[in-house]
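Q: All residue numbers for the sequence shown refer to the working numbering, where the first residue is 3 and numbers rise by one. Every residue, glycine too, gets a C-beta built ideally from N, C-alpha and C.
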Amino acid sequence: MDRLSDDRLTLVGLLIESTTALRAQLDRRLERDVGLPLQWFELLLRLARSPGRHLRMSDLAAQTSLTPSGLTRAIDRLAHAGLVERAPCPSDKRGAYAVLTPRGLERVTGAAGPHLDHVDDALTSVLTADEQALLATLLRKVRDHVNPAAVAAIPVGPAT
3 MDRLSDDRLT LVGLLIESTT ALRAQLDRRL ERDVGLPLQW FELLLRLARS PGRHLRMSDL
63 AAQTSLTPSG LTRAIDRLAH AGLVERAPCP SDKRGAYAVL TPRGLERVTG AAGPHLDHVD
123 DALTSVLTAD EQALLATLLR KVRDHVNPAA VAAIPVGPAT
């Protein structure tokens with residue numbers, strides 16, 4: 003079999019092409035409609051959905067595609083905008099928490115509606131409910147395999 007014709011290359015290519023285009027479209031629309039970059043929205047959302055609305059910086063980095071230095075820069079910008087704060091981690095003197103501020107919660111909450119409209123337009127409207135559930139299951143399975151650190155960093159307990 004010709005390796006260049008292998009269906010696995012097509013599969014991974016489709017996944018990468020789709021996620022790249024989806025991310026670009028969602029970022030463009032969120033920035034246009036609510037003035038919030040998708041990266042910021044994703045970080046604020048992760049904090050909003052975490053118990054106590056905070057995460058250790060190392061856990062937040064593990065859950066994103068950002069490098070530790072990239073996350074530090076993003077959190078610095080969010081802090082400068084008053085959307086997050088840094089707090090010391092009592093169990094790790096070198097570690098720190100990213101903490102969602104009330105203003106950050108207000109901002110991510112306000113952006114959620116328009117973002118969901120964008121997600122519907124770009125993704126969920128072309129899938130049935132069963133296909134959406136299957137896609138979520140499959141993506142979670144792949145994520146858990148290729149990024150086990152993200153799984154370990156998911157906080158236990160309900161978001162408050």
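By Cβ distance, which residues of its chain are closer than 8 angstroms to residue 8, with the 5 residues on each side in sequence left out?
A: Answer for residue 8: no residue qualifies.
Q: Measuring straight from C-alpha to C-alpha, what distance separates residue 101 and residue 41?
A: Looking at the two C-alpha atoms, the distance is approximately 16 angstroms.
Q: For residue 105, which of 127, 95, 86, 69 has the nearest alpha-carbon?
A: Checked all of 127, 95, 86, 69; the closest Cα to residue 105 is 86.
Q: Going by DSSP in three states, residue 161 sits in which element: helix, strand or coil?
A: In this prediction, residue 161 scores a pLDDT of 46, lower than 50, which makes its location untrustworthy; no coordinate-derived value is stated.
Q: What are the start and end residues of the beta strand (DSSP E) that includes residue 90?
A: First-last of the beta strand (DSSP E) with residue 90: 86 to 91.
Q: On the criterion of 16 or more Cβ atoms from any shown chain inside 10 Å, does residue 162 qualify as buried, or is it exposed?
A: With a pLDDT of 36 at residue 162, under the threshold of 50, the modelled position of that residue is not reliable, and no figure is offered here.
Q: Since residue 120 and residue 32 are thought to touch, with beta carbons under 8 angstroms apart, how far apart are those beta carbons, to the nearest angstrom?
A: Right, their Cβ atoms sit about 6 angstroms apart.
Q: Can the beta-carbon of residue 50 be found less than 8 angstroms from the beta-carbon of residue 110?
A: Yes, Cβ-Cβ distance for residue 50 and residue 110 is below 8 angstroms.
Q: Quick check on residue 97: does DSSP put it in helix, strand or coil?
A: Residue state, collapsed to three classes: strand.
Q: Using the rule of at least 16 other Cβ atoms within 10 Å of the residue's Cβ for burial, across every protein chain shown, is residue 63 buried or exposed?
A: Per the 10 Å Cβ criterion, buried.
Q: For a test of the three-state rule: what should DSSP assign to residue 57, helix, strand or coil?
A: It is a strand residue.
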